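Asker: Residue numbers (the working numbering): 1 to 204.
Backbone N, C-alpha and C define an ideal beta-carbon position, used for all residues, glycine too.
All figures in this text were calculated on a predicted structure; none of them were measured in a lab.
Below you will find the structure I want to go over with you.
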């Protein structure tokens, strides 16, 4: 099933953004983020949704969902807002799946991108609940897990081992304080990458 709208939401609110900070954005920055989100949704759907009135309606519902999620982040706990947003965009993706069957972003590639988001920023979302500070960027962990994901899907397991070792050595020499992230980042990076690979092999 094409998951373009779900992936669009995750890219808009998580890929280059600390979602925990969205509720604290001032009005000007909040509108900047909203415009960024619209551009992301356009990038994933312009060739599929803007060709017919029904598709334009679906696009409008997606943008309304993003706007509603930004509002919910300010009035309810982060996790509840996240669950509602994920459910909304998953349902909208299901209802609009026929529009994306011939999209230039194939359903398989969309699932591949979803896996990247889960392994990278998805893990960081949960790390920010206590393993790392909510203000921390976690660029090292995200880069590490991204490389693990790519090499896992490419079947280059020797490079997967090299990346894991390099991540450990980097932390030993450049990050002096011990963190649970040192242990969990590579474990989750490898484990989730392998799990998603098996899922995709079963779906496609």
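Would residue 196 be called buried (16 or more neighbouring beta carbons within 10 Å of its own) or exposed?
Answerer: Counting Cβ neighbours within 10 Å, residue 196 comes out buried, since at least 16 surround it.
Asker: Which residues in the same chain as residue 11 place their Cβ atom closer than 6 Å to its Cβ, once the five residues preceding and following it in sequence are excluded?
Answerer: Excluding positions up to five away in sequence, the list reads 40.
Asker: What first and last residue would you give for the alpha helix (DSSP H) that runs through residue 18?
Answerer: That residue, residue 18, is in no alpha helix (DSSP H); it is neither H nor E in DSSP.
Asker: In this structure, does DSSP put residue 104 in helix, strand or coil?
Answerer: Here residue 104 sits in coil by DSSP.
Asker: So, under 8 Å CB-CB, residue 107 and residue 1 are touching, yes? Tell me the CB distance rounded to an integer number of Å.
Answerer: The pair is a contact, with the Cβ atoms about 7 Å apart (cut-off 8 Å).
Asker: Among the candidates 104, 82 and 113, whose CA atom is the shortest distance from the CA of residue 49?
Answerer: The candidate whose alpha carbon is nearest that of residue 49 is 104.
Asker: Would you kindly report the start and end of the unbroken alpha helix (DSSP H) that includes residue 152?
Answerer: Residue 152 -> alpha helix (DSSP H) spans 139–154.
Asker: If you measure between the beta carbons of residue 70 and residue 30, is that distance less than 8 Å?
Answerer: Cβ distance < 8 Å, so residue 70 and residue 30 count as in contact.
Asker: Helix, strand or coil: how does DSSP classify residue 135 here?
Answerer: In the structure shown, residue 135 sits in coil (DSSP, three-state: anything other than H, G, I, E or B).
Asker: Pairing CB atoms from the stretch 65–84 with CB atoms from the stretch 14–27, are three or more of them under 8 Å?
Answerer: Contact between the stretch 65–84 and the stretch 14–27 is present, because at least three Cβ pairs lie under 8 Å.
Asker: Please report the distance separating the alpha-carbon of residue 136 from that of residue 64.
Answerer: Roughly 29 Å between the two C-alpha positions.
Asker: Taking its Cβ as the centre, do 16 or more other Cβ atoms sit within 10 Å of residue 223, making it buried, or is it exposed?
Answerer: With the chain running from 1 to 204 in the structure shown, residue 223 is simply not present.
Asker: Span of the alpha helix (DSSP H) holding residue 164?
Answerer: First-last of the alpha helix (DSSP H) with residue 164: 157–174.
Asker: Whole alpha helix (DSSP H) runs in the stretch 63–98 with 4 or more residues, listed along the chain?
Answerer: For the stretch 63–98, whole alpha helix (DSSP H) runs of length 4 or above, ordered along the chain, are 78–95.
Asker: Could you tell me which of 110, 120 and 86 sits nearest to residue 186, measuring between CA atoms?
Answerer: Of 110, 120 and 86, the residue nearest in Cα terms is 120.
Asker: Could you tell me how far apart the beta carbons of residue 142 and residue 164 are, in whole angstroms, since I believe they sit closer than 8 Å?
Answerer: Not a contact, Cβ separation roughly 15 Å.
Asker: Measure from the alpha carbon of residue 43 to the alpha carbon of each residue in 59, 32 and 54, then state which is nearest.
Answerer: Nearest of 59, 32 and 54 to residue 43, Cα basis: 59.
Asker: With burial defined as no fewer than 16 other Cβ atoms inside 10 Å of the residue's Cβ, what is the status of residue 188: buried or exposed?
Answerer: Per the 10 Å Cβ criterion, buried.
Asker: Under three-state DSSP, which class holds residue 186?
Answerer: Helix.
Asker: Skipping 5 residues on each side, what residues in its chain have a beta carbon closer than 6 Å to that of residue 168?
Answerer: There are no such residues.
Asker: Going by other Cβ atoms of all chains shown within 10 Å of its Cβ, with 16 needed for buried, is residue 98 buried or exposed?
Answerer: Result: exposed.
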